[in-house]
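**Student:**
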Amino acid sequence: MSLSHTIEELSHRIEQSLPEGIRQTKGELDKTIRQAVMNAFQKMELVTRDEFDIQTQVLARTRAKLEMLEQRVADIEARLDPPKPAE
């Protein structure tokens with residue numbers, strides 16, 4: 001679900017929970033509710049699903065590279081300091 005759809009749905013639910021007299025001023029009320037919801041979401045520092053997916057992919061690539069580098073370091077260390085034969 002997109003952020004704009006979530007905001008729209010939440011605004012609609014808030015509007016429906018208000019008394020009928022207040023709902024009649026729909027235009028201004030709708031704008032005010034939508035702005036309040038958007039401000040609340042911005043304060044939460046939410047990210048979009050696309051941003052989250054991109055960061056997940058970056059993390060997966062970074063992990064894979066780290067594992068590869070760790071293995072290379074282990075191989076180099078093994079070559080530089082071979083195990084001593086048992087006496």
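In my numbering, the protein residues as written are 1 to 87. In this text, a Cβ means the ideal position worked out from N, Cα and C, and glycines have one as well.
So, using beta-carbon positions, are E15 and I33 closer together than 9 angstroms?
**Tutor:** Contact flag set, yes.
**Student:** Could you tell me which whole alpha helix (DSSP H) segments of length 4 or greater appear in the region 44–83?
**Tutor:** Complete alpha helix (DSSP H) runs here, min 4: 49–80.
**Student:** Given T48, which residues of its chain have a CB within under 7 angstroms of its CB, disregarding the five upstream and five downstream residues?
**Tutor:** L3, listed in sequence order.
**Student:** Which of the three DSSP states is assigned to S2 in this structure?
**Tutor:** Correct three-state label for S2: coil.
**Student:** Taking the C-alpha atoms as reference points, what is the distance between E20 and V58?
**Tutor:** For E20 and V58, the distance between alpha carbons rounds to 50 angstroms.
**Student:** Are the CB atoms of L46 and L29 nearer to each other than 9 angstroms?
**Tutor:** Taking 9 angstroms as the Cβ cut-off, L46 and L29 do not qualify as a contacting pair.
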